[in-house]
Structures are given as structure tokens and as C-alpha cells.
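These notes concern the structure reproduced below.
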Ligand SMILES: Nc1ncnc2c1ncn2[C@@H]1O[C@H](COP(=O)(O)OP(=O)(O)OP(=O)(O)O)[C@@H](O)[C@H]1O
Ligand SMILES: [Mg+2]
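In this note's numbering, the protein residues as written are 1 to 368.
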């Protein structure tokens, strides 16, 4: 292409060559370029991404700068401010209307680290700048309050249009709600079947969530009543399946994945997270020991044709913080763990953005 003199149209033309590699469309068609203006030899605009946790933030900024330099005469100075507007496909205005994307964290086997993944995913999404909530739906064994050190905190109740609503507790920028904050320990374990379902339904509708980009839902293990109630009550954007690398955990994760894909349930499986993937000795940070075996998470992901969203190392420091209830400050964690959770948060945000874009496109093609 021939170089063009500086003008709004020429800049848009140059930027139309920059493609978002995930969404497979150019940044102009995706409506990512806003408030474009030219002052003398300088170009200013906002680049509005589909998530603040965008793994391609730097790549896209650089590609925009390069395109303008390459296609505009005299290589103008480019000033880009990066912004984000998280997309949604949630159109139900009755249930959780202020929440854009609801993501459940599930597993087949117990104790593989669902709560650990749910809590840290929420903390790291918030750290990336996303408005994030965490709903602990493990009615029999809520562990979120313990991990975040908010056990015993009583959430505020406010009156909204004549109805009492429970306000989630805020910690480290995450809005948190757990049934464990409402009832005594001993009460939780005795709930059964229909009681659990109605309690969960009430619990979901009685909370006053603020505007959220992502609400992470920590599920109990297995594939029982709570799972069915949740998928029937809440419009889930997708589910993340947590497994450890051992064959026993994989077998159960396989069952859970298949359940979410069953016709009457039909929740998109966003991908697999492999927890306790390997151990990095604190004194030898270059070494990785795959204590529970290697490649299990990837095999499961391949089998179901979904991405492996992340691999979280086995970390005694992580376990210690969770037991002490000091998880809320992820900056205290060893770097290798922080890197893994940060990558996971970005990958989940990316999958949601891709899924929402695909949905929008298919909507458009249906109407056309
Ligand atoms: N990557 C990890 N490194 C070290 N310890 C971990 C890791 N992930 C989880 N743990 C520890 O393993 C135990 C179980 O984790 P967690 O409670 O997150 O699992 P869960 O799947 O939610 O369990 P449940 O099925 O009972 O709900 C906890 O003590 C937690 O601190
Ligand atoms: Mg749990």
C-alpha cells in the first residue's frame, strides 16, 4: 500500500490492517478505536479491549503504532490509551442482571483445588483491573471465608425496593459472598437435596451484586443437586474444570466435563486447569518436579477439544496462606505461583471474550 498523508481516514485505514488474533477481525471493525483525533503531527486514540486482563495488550498497542508509522507519511507520533469494556452475552435481565459473565469452577474429584483456583482467579482478575465477584456455592463445605480470612464477618443487609438484600463483602477488590458468612458451620452439613437447591436459589437471588465483569462461582465437588440447580438458576457463561495430573482425578474430571456438556445442561466448557502440576523448589527456582505425573491436563483438554487454561504449581506457601486465611494478598506468593495465576486469569478472560465475540457474530449472521 502507498503511504498516505495524515488524516483521520488514513489512520483508520492503517488501523484496519491490525487484526485481533483471538477475535479474527481488525480493530476498526471491532469498534476498538475510540476518540481518534489528530493534533499537528500527533495521533491520539483510545484502544478499547474486550477485557482489562487481555494477554495481547502490548502486542496490539505495538501493532497499532507500527501500522500508523508504516502507512502514514512522516511517521506521526502515536499516543494510545488502553481501556477495556468487558463484553457479555448475558441477556437475562431477571437473574444477576448486573453481572456480565458468570464462570463456574468445578471438578469431579474433591480436594483437587477448585476453591484455590476460584479464589485466586477472582483475585488476579481484580488485580488486572476487572470488576470481579466470587460466589462460594459450596453449601456443604464453604471454604472461601477461611481462605480469605473473613470467617465470622457478617455481611450487611440493605433494603432495596422493600426487599432485604445481602451485600457481598469486599476484600482485595473482590466482592465475595459465601453461604458460610450467613450460617453457622454445623448447620451447613445437614442440608440435603431439595433444601440445598432452594437455599442456593434464594441465596443467588437475595444478594445485591454491583456491576461485575466476572463472577466466579466455586462449586462443591462432584455432579450433584447443587450443580443442577445452579445451571438451571443462573445463566452461566461457562465452566472451568479443575483436575490434578493423576489418572484417578482425570477420570472424575472426564465425568464432570461430560456432564456439563449433556443436552439438558449444556454449559460451555471453557477449558481445563491442571492444579498441582509440578513442584518448584524455592531454593532451585529453575527446576520443576512433576510429582503427580505429566501431561494429564493436556490429554483431557485434547480429548474434549477444549484449551488447557493453565497449570498451577504445587506450592506449600499457597497452602499455608490458605490455612492461615491470608490468601487475599497474592503479592506475598512465590513468583512462580503469581505468574501461573496471572496467566490463568488472562487466559480465562480471553476465552470469554472469544466466546462472546463468536456469539455476537452468529447472532448477526442469523439476522442477516
Ligand atoms: N497448587 C497447590 N499447592 C499447594 N496446595 C494446594 C494447591 N492447590 C490446593 N492446595 C491445597 O489443597 C487443599 C484442597 O484445596 P481446595 O480446598 O482448593 O480444593 P477443593 O477442590 O475446593 O476441595 P473441595 O472438593 O473439598 O471443595 C487445600 O488445603 C489447599 O490449600
Ligand atoms: Mg472447595
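For each residue, glycine too, the CB sits at the ideal point set by N, CA and C.
Evaluate residue 178 with the Cβ neighbour count: other Cβ atoms within 10 Å of its Cβ, from every protein chain shown; 16 or more gives buried, anything less gives exposed. buried
Report all residues from its chain with a CB closer than 6 angstroms to the CB of residue 127; omit the five preceding and five following residues, and keep chain order. none
Three or more C-beta pairs under 8 angstroms: does that hold for the segment 104 to 124 against the segment 209 to 222? yes
For residue 210, does the three-state DSSP call read helix, strand or coil? coil
If you reduce the DSSP assignment to three classes, tell me which class residue 136 lands in. strand
Three-state secondary structure (DSSP) at residue 246? coil
Would the beta-carbon of residue 114 be found less than 7 angstroms away from any heavy atom of ligand 2? yes
Pairs of beta-carbons, one from the segment 308 to 317 and one from the segment 1 to 16, closer than 8 angstroms: are there three or more? no
Are the C-beta of residue 353 and some C-beta of chain C separated by less than 8 angstroms? This model lacks chain C altogether, as it is built from one protein chain only.
I need the DSSP call for residue 89, collapsed to helix, strand or coil. coil
For residue 158, write down the residues that DSSP places opposite it in a beta bridge. 165
Go to residue 297, then tell me how far its alpha helix (DSSP H) extends in each direction, as first and last residue. 296 to 304
Helix, strand or coil for residue 323, going by three-state DSSP, please let me know. helix
What does a CB cutoff of less than 6 angstroms around residue 155 pick up in its chain, not counting 5 residues either side in sequence? 166, 167, 169 and 181
Any 3 or more C-beta pairs closer than 8 angstroms across the segment 119 to 135 and the segment 243 to 260: no
Please indicate yes or no: does the CB of residue 136 lie closer than 7 angstroms to some heavy atom of ligand 1? no
Please report the distance separating the alpha-carbon of residue 316 from that of residue 279. 9 angstroms
Starting from the C-beta of residue 365, find all residues in its chain whose C-beta is less than 7 angstroms away, skip the five residues before and the five after it, and write them out in chain order. In this prediction, residue 365 scores a pLDDT of 41, lower than 50, which makes its location untrustworthy; the coordinate-derived value is nonetheless stated afterwards. Closer than 7 angstroms at Cβ, skipping near neighbours: no residue.
Alpha carbons only, please: which of 341, 270 and 139 is nearest the one belonging to residue 356? 270
Please determine if the segment 67 to 74 and the segment 199 to 214 are in contact, where contact requires at least 3 C-beta pairs separated by less than 8 angstroms. no
For residue 48, I'd like the list of residues in its chain whose CB is within less than 7 angstroms of its CB, leaving aside the five on either flank, ordered along the chain. 32, 34, 83, 84 and 85
Smallest Cα separation from residue 343: which of 59, 200, 125 and 81? 125
Measuring from the CB of residue 387, is there a heavy atom of ligand 1 at a distance below 7 angstroms? The question about residue 387 has no answer here: the residues shown for the chain are numbered 1 through 368.
Take residue 78 and list the residues in its own chain whose beta-carbon comes closer than 6 angstroms to its own, dropping the five residues that flank it on each side. 43, 65 and 68
For residue 283, which option in 256, 162 and 336 has the closest C-alpha, if you only look at C-alpha atoms? 336
Does residue 329 come out as helix, strand or coil in the three-state DSSP assignment? coil
Is DSSP giving residue 271 helix, strand or coil here? strand
Say the cut is 7 angstroms; is the CB of residue 143 nearer than that to a heavy atom of ligand 2? yes
From residue 225 to residue 8, what does the alpha carbon distance come to, in whole angstroms? 57 angstroms
Neighbourhood of residue 298 by C-beta, 7 angstroms cutoff - its chain only, sequence neighbours within 5 removed: 308
How far does the alpha helix (DSSP H) with residue 82 in it reach, from first residue to last? Not the alpha helix (DSSP H): residue 82 falls in the beta strand (DSSP E), residues 77 to 84.
What first and last residue would you give for the alpha helix (DSSP H) that runs through residue 59? 57 to 71
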